[in-house]
Amino acid sequence: MIRTRFLFRRTAAVAAAGAAAFVLAACGGNGDDSAGHGGHNSNSASPAVSASASQGQHNAADVAFAKGMIPHHRQAVEMAGLAPERAQSAEVKKLAAAIKKAQDPEINTLSGWLTSWGEEVPADGAMAHSMHGGESGGMMTVQEMDRLEKASGKAFDTAFMEMMIKHHEGAVEMAKTEQADGSYAPATEMAGQIVISQSAEIERMNKLLGKN
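If you use our numbering, the sequence shown closes out at 214, no skipped numbers anywhere.
Next comes the structure, spelled out in structure tokens:
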């Protein structure tokens, strides 16, 4: 009986020592083996890292660009929508159609970015603000839009192009700000396309107005 108790105690002691050694080894491994520790953390954090990669590669400038450009584009599309029935010049009608075709999809893309970033999409009727202290970014006032809506023929053509030049100039400035300050590659790429396409349209409208 005494020998049995001794063997039992010896076995328990060995087991306890083994368990303690295992715990110490495990703790030592976590503290000293950076590869093992890092591997565990990278596995458990990978979903968060992936989420961050998909949602976090943008900054405040990207958000401001999207929130400013959506209402800006909406107004350009609204202006372009007046041309088929009010414009006299075939060139103006063609230009308006090109503006609508380019900017409608960009509105959808910009809205999708904001939604994926957890940001609010500007409501219809919201005014655009450039990233230069809240300036209008070339947006037309209510009075200017009323004047355009009431015009027709050659008077519409002239008013449309003069207003759209101002509108495009504002968009180009907003896009250049995004190129300089933004970090979300698709947004800076869109900004670059806006600078190129709308600068070309400004030049085209100035020629039609006889300013070049």
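Even glycine gets a Cβ: it sits at the ideal position worked out from N, Cα and C.
CB contact flag (residue i, residue j, <8 Å)
i: S154; j: D64; result: no
i: H74; j: W119; result: no
i: F158; j: R88; result: yes
i: I72; j: P107; result: no
i: E146; j: M165; result: yes
i: H2; j: G140; result: This structure gives no information on residue 2, because the portion of the chain shown stretches from 3 to 214.
i: A182; j: I196; result: no
i: E180; j: A193; result: yes
i: E171; j: L97; result: no
i: Q90; j: K152; result: no
Per DSSP, the bridge partner or partners of residue i
i: A89; result: G155
Other residues of its chain near residue i: CB distance less than 6 Å, five sequence neighbours each side excluded
i: A68; result: L112, W115, L116
i: E121; result: V65
i: A92; result: none
i: D148; result: none
i: S46; result: Residue placement at S46 cannot be trusted, given a pLDDT of 38 that sits under 50; what the coordinates show is reported in the next sentence. Nothing meets the Cβ criterion.
Opening and closing residue of the alpha helix (DSSP H) in which residue i lies
i: S199; result: 187 to 210
i: D64; result: 62 to 82
Contact set for residue i: own chain, Cβ-Cβ below 7 Å, skip 5 residues either direction
i: D163; result: Checking the sequence shown, residue 163 turns out to be Met, not Asp. Closer than 7 Å at Cβ, skipping near neighbours: V94, M207, L210, L211.
i: E191; result: none
i: Q200; result: H170, A173, V174
i: P86; result: K95
8 Å Cβ shell around residue i - same chain, five flanking residues per side excluded
i: V79; result: I101, K102, Q105, D106, I109
i: L150; result: M81, L84, M142, F158, A161, F162, M165
i: K213; result: none
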